[in-house]
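Chemist: Here's a structure for you.
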Amino acid sequence: MSIWFGGDYNPEQWDEPVWAEDDALMRAARVNTATVGVFSWVRLEPDEGRYDFGWLDATLDRLAERGIQVILATPTASPPPWFTLAYPDAMPVTRDGVRLTHGSRDTYCAAAPSYRAAARRMAATLAARYGQHPAVALWHVHNEYGTQCWCEHAALAFRSWLQKRYGAGADGLAQLNAAWGTTFWSQCYSAWPQVVPPRATQWRGNPGQLLDFCRFWSDELLAAYCEQRDEIRAAAPGVPVTTNVMLPDYQVIDPWAWCREVDVVAVDHYLSSTGPAGHADIAFAADRARSWAGGRPWLLMEQATRLVYAAGGRVLSRPPGRMLRDSLGYVARGSDSVLFFQWRASRAGAEMWHSAMLPHAGPDTAAFREVAELGAAVQRLGEVAGSRVTARAAVLLDADSWWALDGQGLRGADLRYLDAVRRDHAALRRAGVVCDVAHPEAALSGYRLLLAPALYLVTDAGAEALRRFVAGGGVLVVSFGSGLVDQAAQVRLGGYPGALRDLLGLRVEEFFPLPDGETVPLSGRGPGPVPPGARGATWSELIDVTGAEVLASYAAGPLAGHPAITRHEVGPGSAWYLSTELDDPAHDQVIAAALAAAGLGPEVPGVPPGVEAVRRWGAGGQSWLFLLNHTAEPATVPARGVDVLTSVEAAGCVQLPPGGVAVIREVRGP
Ligand code: GAL
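The structure is reproduced here in structure tokens:
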């Protein structure tokens, strides 16, 4: 067993003499895995139907000889210029009607038949040639599916998706009109050709249309993936197939649906911050990946060594000395790989300043030495491969809520879906609790605590699942913005949050969004979970309790004296409601009270703040305790066993230096 270590390898960008240096340096860094061919379409098919596999044959043979396994990609995320000229109609069109052309990557409409046929042909051709190649350990279809398009092909495909959902003909159209509420602003459709993607329009668009368009694109891209996967499976039976899911702050695909179609879940994750928020984000990324994998081990397909092109045009650089700790952050939470984009920093091209395992300055660099040290550490971790992380708490995560809330959601609230989910995840992490993310309609009975942050759209089935969870003794903590709309993104009437009103034992009459930067004081009732001095921000609501107990009320403003935080005992379980955004200490205290009610505590009691402790469990009951000290102070953590990284024994406790790590193969007993 081994943890996969390496990254994207693009030898086609380099002359042959460089390949020998790659061999030597990969050996020095203990690279055991190379992802090949991700964007190599033009080198594989220089003109339509004319193939050149020489360099790829040589690369796979060479890597096999060196004992390096290959993740072989299909190159379909980057069609060559000849493709544009041959199939101009397959170039993507933006929401504003601008047709894009080649010059970058992802210039295609995945609903265009000519693109789909070319991509499928490429997958089949590669699979026929390399399906039995001994180096190929995994197939990697495409790269980070996520490109939407608003062209005529997209319009046709969207219509046919809608007809499957609502029915064809006049009846289907009537259903669609009802679901989208098109009588508002006179937008009723009287014939199917009038139904188009949500292209640029005069002002605010239709929420139902926007939501269905997101659902459609996730399904359409998934169909494109499945076509390639099936070609590969037919020619390479037994070799797993996957695609790399991007973990950005926006959401184009529904990962729950996608991850059912891959043989192993693979994600790409880049730092969003180099401070504590970055550590929290690594944990959040890893917990998402593991949950999408149903708890099975998953692969970190890409991260950056140092400099990363972050969201919003920012450039971040991971501080020296953090590569091991950050990488262990993923492995601790179930990754069986530490892979990077990319092996050798490019000399040219759009990402030539992005960091790599081997920097421009060469191997005699701090960065490469750190990579080699990481390779040595990862090699020692082979024994943890295949082991699993277990969690009894989860944060609910749902693509529909994300699309609906961020697309056309709650007006007046500075409420971004992922921020709300991240916030609850971070609170559990601060409490030392390892959690999953879970879909509201999934099997939930294995959890003791569920957090529902901004779960805006709740289906009838989702509401029923949450009712069953609480009735079965679970603790559910719901935050404002949840349960407001049904699966068509229409308001649930009779008082908010319609889907969860009875479960929460309350009824919200009206919203009172708080202006930016303004907070409202809260007053707790007796010795409760809301600390004195707590304040709410962003949002407040006029609540009538119909069975819930009031834990804290608004202490000033138009809602003074009205409930703010409540708890409803339901049989052996309870459903809590936060109608405002609590400051961090108050939020942590409410989460601590909910954890106590659920009978949950930290993974390792007595771990100092800022030290992360996560366990992986092997099939035979062996456990490994990952300890990551994110502070600038030394830390002492209770542990018994042997540090796999250093072979040093821990006889009751481990001393971690500032920024230090340990992976303890635990022993139990006296
Ligand atoms: C990823 C992508 C890589 C590379 C990397 C760095 O999202 O899959 O090909 O572009 O970002 O920007």
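The sequence shown lines up with residues 7 to 676 when you count with the numbering used here.
Beta carbons are placed, not taken as given, at the ideal position from N, Cα and C, and that holds for glycine.
Out of Glu618, Gly658 and Ala600, which one is the CA nearest neighbour of valine 667?
Modeler: Glu618
Chemist: Are there 16 or more other CB atoms within 10 angstroms of the CB of glycine 452, so buried, or fewer, so exposed?
Modeler: Looking at its Cβ environment, which holds fewer than 16 other Cβ atoms inside 10 Å, glycine 452 is exposed.
Chemist: Output yes or no for whether 8 Å exceeds the beta carbon distance between valine 258 and glutamine 154.
Modeler: yes
Chemist: For valine 481 and phenylalanine 346, I'd like the C-alpha separation in whole angstroms.
Modeler: 39 Å
Chemist: Between the C-alpha atoms of proline 503 and glycine 175, what's the straight-line distance to the nearest angstrom?
Modeler: 35 Å
Chemist: Is it right to say tyrosine 256 is buried, meaning 16 or more other beta carbons lie within 10 angstroms of its own, or is it exposed?
Modeler: exposed
Chemist: DSSP three-state label for tryptophan 186, please.
Modeler: Tryptophan 186: helix per DSSP, three-state reduction.
Chemist: Could you check which residue in Thr113, Tyr172, Gly647 and Lys170 has the C-alpha nearest to that of cysteine 157?
Modeler: Thr113
Chemist: Are there any heavy atoms of the ligand GAL lying less than 7 Å away from the beta-carbon of phenylalanine 346, as far as the coordinates show?
Modeler: no
Chemist: Could you tell me which whole alpha helix (DSSP H) segments of length 4 or greater appear in the stretch 70-157?
Modeler: 87-92 and 119-136
Chemist: Applying the criterion that 16 or more other CB atoms from any shown protein chain within 10 Å of the CB defines a buried residue, is methionine 128 buried or exposed?
Modeler: buried
Chemist: Could you tell me the alpha carbon to alpha carbon distance between tryptophan 535 and leucine 411, rounded to whole angstroms?
Modeler: According to the sequence displayed, residue 535 carries proline and not tryptophan. Roughly 29 Å separates the two Cα atoms.
Chemist: For the candidate residues Ala338, Ser279 and Ala289, whose alpha-carbon lies nearest to that of arginine 312?
Modeler: Ser279
Chemist: Can you tell me whether valine 48 sits near the ligand GAL, meaning its C-beta is under 7 Å from at least one heavy atom of the ligand?
Modeler: No - the ligand GAL has no heavy atom lying nearer than 7 Å to the Cβ of valine 48.
Chemist: Any idea if leucine 91 is buried or exposed, counting beta-carbon neighbours within 10 angstroms, 16 or more meaning buried?
Modeler: The residue is exposed, with fewer than 16 neighbouring Cβ atoms inside 10 Å.
Chemist: Could you pull out every residue in the same chain whose Cβ sits closer than 8 Å to the Cβ of aspartate 58, ignoring the five residues on either side in sequence?
Modeler: The answer, listed in chain order, is Arg49, Leu50, Glu51 and Pro52.
Chemist: State buried or exposed for alanine 197, treating a residue as buried only when at least 16 other CB atoms are found within 10 Å of its CB.
Modeler: Result: exposed.
Chemist: Identify which residue in Gly335, Met358, Ala604 and Arg513 has its Cα closest to the Cα of leucine 457.
Modeler: Ala604
Chemist: Distance check for alanine 378 and valine 35, CA to CA, integer angstroms please.
Modeler: With the sequence shown as reference, residue 35 is identified as alanine, and valine is not the correct amino acid for it. For alanine 35 and alanine 378, the distance between alpha carbons rounds to 4 Å.
Chemist: Rounded to whole angstroms, what is the Cα-Cα separation between aspartate 466 and leucine 509?
Modeler: Cα to Cα, aspartate 466 sits roughly 13 Å from leucine 509.
Chemist: Say whether chain B places a C-beta atom closer than 8 Å to the C-beta of arginine 33.
Modeler: In summary, chain B is missing from the structure at hand, where a single protein chain is found.
Chemist: Flag glutamate 18 as yes when its Cβ comes closer than 7 Å to any non-hydrogen atom of the ligand GAL, and as no otherwise.
Modeler: no
Chemist: If you run the structure through DSSP and keep just helix, strand and coil, what is cysteine 441?
Modeler: When DSSP states are grouped into helix, strand and coil, cysteine 441 belongs to the strand group.
Chemist: Where in the stretch 254-315 do unbroken runs of the beta strand (DSSP E), each at least 3 residues long, occur, reported from the N-terminal end onward?
Modeler: 272-274, 305-308 and 313-315
Chemist: By how many angstroms is the C-alpha of glutamate 150 removed from the C-alpha of alanine 362?
Modeler: Cα to Cα, the separation comes out at about 19 Å.
Chemist: For valine 44, verify whether its CB is less than 7 Å away from any heavy atom of the ligand GAL.
Modeler: yes
Chemist: Any idea which residues DSSP pairs glutamine 661 with across the strands?
Modeler: In the DSSP output, where bridge partners are listed per residue, glutamine 661 has Thr642.
Chemist: Name the residue from Arg328, Leu662 and Glu639 whose alpha carbon lies nearest to the alpha carbon of isoleucine 288.
Modeler: Arg328
Chemist: Do you know how far the Cα of tryptophan 47 is from the Cα of aspartate 522?
Modeler: 49 Å
Chemist: Using CA atoms only, rank isn't needed, just tell me which of Leu662, Val201 and Asp406 is closest to proline 261.
Modeler: For proline 261, the closest alpha carbon among the candidates Leu662, Val201 and Asp406 is that of Asp406.
Chemist: If you run the structure through DSSP and keep just helix, strand and coil, what is arginine 671?
Modeler: strand
Chemist: Applying the criterion that 16 or more other CB atoms from any shown protein chain within 10 Å of the CB defines a buried residue, is aspartate 177 buried or exposed?
Modeler: Per the 10 Å Cβ criterion, exposed.
Chemist: The beta strand (DSSP E) with tyrosine 583 in it runs from where to where?
Modeler: 579-584
Chemist: Quick check on the burial criterion: 16 or more other C-beta atoms within 10 angstroms. Buried or exposed for serine 488?
Modeler: Serine 488 sits buried, since 16 or more C-beta atoms from the chains shown fall within 10 Å of its C-beta.
Chemist: With a threshold of 16 other CB atoms inside 10 Å of the CB of glutamate 547, please say whether the residue is buried or exposed.
Modeler: buried
Chemist: Does the distance between the C-beta of aspartate 255 and the nearest non-hydrogen atom of the ligand GAL fall short of 7 Å?
Modeler: No, the Cβ of aspartate 255 stays beyond 7 Å of every heavy atom of the ligand GAL.
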